[in-house]
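>
2 protein chains.
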Amino acid sequence: MNIAKMKEDKPLILISNDDGFEAKGIRELVRFLRPLGQLVVMAPDGPRSGMSCAITSDRPVTYSQFANEEGFSAYKCSGTPVDCIKLASTEILCRQPDLIIGGINHGDNSAINVHYSGTMGIVIEGCLRGIPSIGFSLCDHAADADFSPLERPICQIVSHVWQCGLPESVCLNVNFPLAASFKGIRVCRQARGRWMNEWEKRQRPPHGKDYFWLTGNFVGEDMQEDTDRWALKEGYVAVTPISIDMTASAAMEELKERISE
Amino acid sequence: MNIAKMKEDKPLILISNDDGFEAKGIRELVRFLRPLGQLVVMAPDGPRSGMSCAITSDRPVTYSQFANEEGFSAYKCSGTPVDCIKLASTEILCRQPDLIIGGINHGDNSAINVHYSGTMGIVIEGCLRGIPSIGFSLCDHAADADFSPLERPICQIVSHVWQCGLPESVCLNVNFPLAASFKGIRVCRQARGRWMNEWEKRQRPPHGKDYFWLTGNFVGEDMQEDTDRWALKEGYVAVTPISIDMTASAAMEELKERISE
Numbered sequence: 060m061n062i063a064k065m066k067e068d069k070p071l072i073l074i075s076n077d078d079g080f081e082a083k084g085i086r087e088l089v090r091f092l093r094p095l096g097q098l099v100v101m102a103p104d105g106p107r108s109g110m111s112c113a114i115t116s117d118r119p120v121t122y123s124q125f126a127n128e129e130g131f132s133a134y135k136c137s138g139t140p141v142d143c144i145k146l147a148s149t150e151i152l153c154r155q156p157d158l159i160i161g162g163i164n165h166g167d168n169s170a171i172n173v174h175y176s177g178t179m180g181i182v183i184e185g186c187l188r189g190i191p192s193i194g195f196s197l198c199d200h201a202a203d204a205d206f207s208p209l210e211r212p213i214c215q216i217v218s219h220v221w222q223c224g225l226p227e228s229v230c231l232n233v234n235f236p237l238a239a240s241f242k243g244i245r246v247c248r249q250a251r252g253r254w255m256n257e258w259e260k261r262q263r264p265p266h267g268k269d270y271f272w273l274t275g276n277f278v279g280e281d282m283q284e285d286t287d288r289w290a291l292k293e294g295y296v297a298v299t300p301i302s303i304d305m306t307a308s309a310a311m312e313e314l315k316e317r318i319s320e
Numbered sequence: 060m061n062i063a064k065m066k067e068d069k070p071l072i073l074i075s076n077d078d079g080f081e082a083k084g085i086r087e088l089v090r091f092l093r094p095l096g097q098l099v100v101m102a103p104d105g106p107r108s109g110m111s112c113a114i115t116s117d118r119p120v121t122y123s124q125f126a127n128e129e130g131f132s133a134y135k136c137s138g139t140p141v142d143c144i145k146l147a148s149t150e151i152l153c154r155q156p157d158l159i160i161g162g163i164n165h166g167d168n169s170a171i172n173v174h175y176s177g178t179m180g181i182v183i184e185g186c187l188r189g190i191p192s193i194g195f196s197l198c199d200h201a202a203d204a205d206f207s208p209l210e211r212p213i214c215q216i217v218s219h220v221w222q223c224g225l226p227e228s229v230c231l232n233v234n235f236p237l238a239a240s241f242k243g244i245r246v247c248r249q250a251r252g253r254w255m256n257e258w259e260k261r262q263r264p265p266h267g268k269d270y271f272w273l274t275g276n277f278v279g280e281d282m283q284e285d286t287d288r289w290a291l292k293e294g295y296v297a298v299t300p301i302s303i304d305m306t307a308s309a310a311m312e313e314l315k316e317r318i319s320e
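Going down the list, the sequences are from chains G and B. The opening residue of the first sequence carries number 60 in the working numbering; numbering runs sequentially from there. The opening residue of the second sequence carries number 60 in the working numbering; numbering runs sequentially from there.
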C-alpha cells in the first residue's frame, strides 16, 4: 500500500453501524481505531439491519451520550444509521469529520447487498457529504464473532484513506471472509446476484392470519475473478469502490436516442 | 420515441409507492395505466417516505387485499416499499411481472435523492430482479397535487419500456416539474448536491429533553445542461437512467494500484 505523504494531526473519525451501539462489531472497531484518531460514535440504540439509506421523516429523533473519555465520545440515537450521521454532523461535531466509518457489520455486505445495507447507508451518506467513507463487514452473523483478524487490515486501510483520500464521489465497501488470516487485499467490482426463497410464512394460532418473516438465500452466479464474491470465496479482503453517482452512463446514448423528445 | 416492435399481449404491471396505498399519486397512476395492462398494486399501509431500499428484518410483515376487479387487484402491506415488491413477487403474482412501477411520488426524487427515496427503492428492487422498472415523481409534495398533466408522458414512457425493454441492470428515475405542460422529455445524469440545515430542534415541555425533526433544504450547485435538476428547472420531464451496479469503475485502476496487496 502506497502512502504518498504523512499527515501529522490525528483524524477526527465519526463511527456508526446498523447492528446498534452494543454490538461487538462496533466495540471492536472502536478498540482498533482508538490509537489512530479522535473517535466520535453515534450509533442506533438497537438493531437497524437492512435499513439501507433510510431516513426518519414521520417522527422526531432523539439521542443521548453514553461514553466520554479522552479521544473518544459515544452517543446512541433513536433513528436510522443515516440519521446518526446527519445528527452527529450537525449537533455533536464542532467541525466536519475527516473520515466516516461504518461497521464492523455482523454479516456480508458484498455484491448487491450494498443496496440493502445500513452499514453502507452510513458510508453513502458520508460520501454524499464529501467525506472519505468506508464500510467494514465480516461474513459472520454471530453476535460473538471473532473480529481480531480484522485489526491489522482495518488499521491499514483507514490509515491509507486518511493519508491519501479517496476519488471524488467514491466510497469503499470492505468485506472480510470468515478466516483466521487473509490471502491479501483485492479491489473488486460488485458481483451480480439475487435473493431467492425470501419469505417464511407462518400462521397465528389457532386459525389466524398469515404473517411473513424475511429470510432467503443469496444466489450469486457471478463468480468471475474481478468480483467481490470471488475474492471472499478465495480468502481475500474484498474492497469494492462504490460510486454515489448512480447514473447509468453507459446507457445514456442509447436511451437519449430512444426516449428523448 | 422510437417503438421498434409491437407486443400484442397486455403487460402484467406490479405497482407500489412510498406514500401509502391511499395517496392520490398511486391512485392516479392506476387510473392512467388501467387501459395499458393488468395491474397488481402492493403498497404500504401508510406513509413510508425516505425508506430507500430498506427491508424489514426485525419483525414479520402482513398484507391484505382491498380491491379485486377485472384487470386490477390491490393489496396493502405492513412493510417497506421494497418488502411490498418482494412479497407481491412470491406470494401474489403467479408469474414474474413484465414491468414494476413506483409512484407517482408526491415530491422530487431527482439528483442525490435517489439514495433516500422509497419510490426508487421499489425500482431498484425491480431491476435487481431483472424486471424493467420505472419510478415516477412529481415535484409537488401537496396531498391533492394535480397529476393530470403526467398522464400522457407516463403512458408514453411505460408503453415504450414495455415494447423495447431497458438495458441490463438499468432502471429509470423519472421526475416531472410542477407545470401544466412540459417542454419535452430529456435523458439526464443525476445532479450532485447536498442537504443543509437538516434538523429542527424542539424541546419537550416544560424543561425536557431535546428532540429533532428531519427537515432541510437541498442545495444543488450542479445545474449543468446534462443534469436532471437543470431539465426540471427548464420545464422538461427528467429521465435519469440509474445503474444497480454501484461499482465506481472509473476509480478501479487507481485504487487497485493504491490499495491491493
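Positions of the beta carbon are idealized from the N, C-alpha and C atoms, including for glycine.
(1) For H165(B), name the three-state secondary structure that DSSP assigns.
(2) From which residue to which residue does the beta strand (DSSP E) around L92(G) run?
(3) Mind checking which residues open and close the beta strand (DSSP E) that includes D269(B)?
(4) For G275(B), which option in I163(G), I183(G), T149(G), L237(G) has the closest C-alpha, if you only look at C-alpha atoms?
(5) With a threshold of 9 Å between beta-carbons, can Q283(B) be considered close to chain G, or not?
(6) Going by DSSP in three states, C186(G) sits in which element: helix, strand or coil?
(7) Under 8 Å: do the segment 112–122 of chain G and the segment 132–143 of chain G share three or more Cβ pairs, one atom per stretch?
(8) CB V108(G) to CB G194(G), shorter than 9 Å?
(9) Check for me: the beta strand (DSSP E) holding S111(B) runs from which residue to which?
(10) Check whether the Cβ atoms of V173(B) and M305(G) sit closer than 9 Å, and answer yes or no.
(11) Is there at least one Cβ from chain B nearer than 9 Å to M101(G)'s Cβ?
(12) Chain B partners of P106(G), CB-CB under 9 Å?
(13) Can you tell me which of S319(B), A309(B), L314(B), P300(B) puts its alpha carbon nearest to the alpha carbon of E316(G)?
(14) With a CB to CB cut of under 6 Å and the five nearest residues on each side skipped, what residues in its chain are close to W272(G)?
(15) So A238(B) contacts chain G; which residues on that side make the cut at Cβ distance below 8 Å?
(16) Look at the alpha carbon of I89(B) and the alpha carbon of M311(B), and state the distance between them as a whole number of angstroms.
(17) Checking contacts by CB at 9 Å: is T178(B) closer than that to chain G?
(18) Judging by CA-CA distance, which residue of P103(B), F235(B), E280(B), I159(B) is the nearest neighbour of V229(B)?
(19) Where does Q155(G) fall in DSSP's three states?
(20) Could you list the residues in the segment 277–305 of chain G with a C-beta less than 8 Å from some C-beta on chain B, going in chain order?
(21) Take the Cβ of A202(B) as the centre, count every other Cβ of all protein chains shown within 10 Å, and call the residue buried at 16 or more, exposed below.
(22) Do you know whose CA, among L187(B), A102(B), V120(B), E293(B), lies nearest A238(B)'s CA?
(23) Quick check: G224(B) and S319(G), are their CB atoms within less than 9 Å of each other?
Checking against the coordinates, here is how it stands:
(1) In the structure shown, H165(B) sits in a strand (DSSP, three-state: E or B).
(2) Not the beta strand (DSSP E): L92(G) falls in the alpha helix (DSSP H), residues 83–92.
(3) Where D269(B) is concerned, the enclosing beta strand (DSSP E) stretches over 269–273.
(4) For G275(B), the nearest C-alpha among the options comes from T149(G).
(5) No, no contact with chain G.
(6) Helix.
(7) Result yes; three or more Cβ-Cβ pairs closer than 8 Å.
(8) A quick correction: the sequence has Ser, not Val, at residue 108(G). Remark: C-beta atoms of S108(G) and G194(G) do not approach each other more closely than 9 Å.
(9) Premise fails: S111(B) is in no beta strand (DSSP E) and is neither H nor E.
(10) Their beta carbons are under 9 Å apart, which means V173(B) touches M305(G) by this criterion.
(11) Chain B contact via Cβ: absent.
(12) Correct list: S116, D117.
(13) Taking only the C-alpha atoms, the option nearest E316(G) is P300(B).
(14) Contacts found: E259.
(15) Neighbourhood of A238(B) in chain G, by CB distance below 8 Å: empty, with the nearest CB roughly 16 Å away.
(16) Before going on, a small fix: residue 89(B) reads as Val here, not Ile. Roughly 43 Å separates the two Cα atoms.
(17) Answer no: the Cβ-Cβ gap between T178(B) and chain G never drops below 9 Å.
(18) When P103(B), F235(B), E280(B), I159(B) are compared, the shortest CA-CA separation from V229(B) is found for I159(B).
(19) Coil at Q155(G), not helix or strand.
(20) From the segment 277–305 of chain G, only V298, T299, P300, I301, S302, I303, D304, M305 have a Cβ closer than 8 Å to chain B.
(21) Only exposed fits A202(B), as fewer than 16 other CB atoms lie within 10 angstroms of its CB.
(22) Comparing Cα-Cα distances from A238(B) to each of L187(B), A102(B), V120(B), E293(B), the minimum goes to E293(B).
(23) G224(B) is not a Cβ neighbour of S319(G), given a cutoff of 9 Å.
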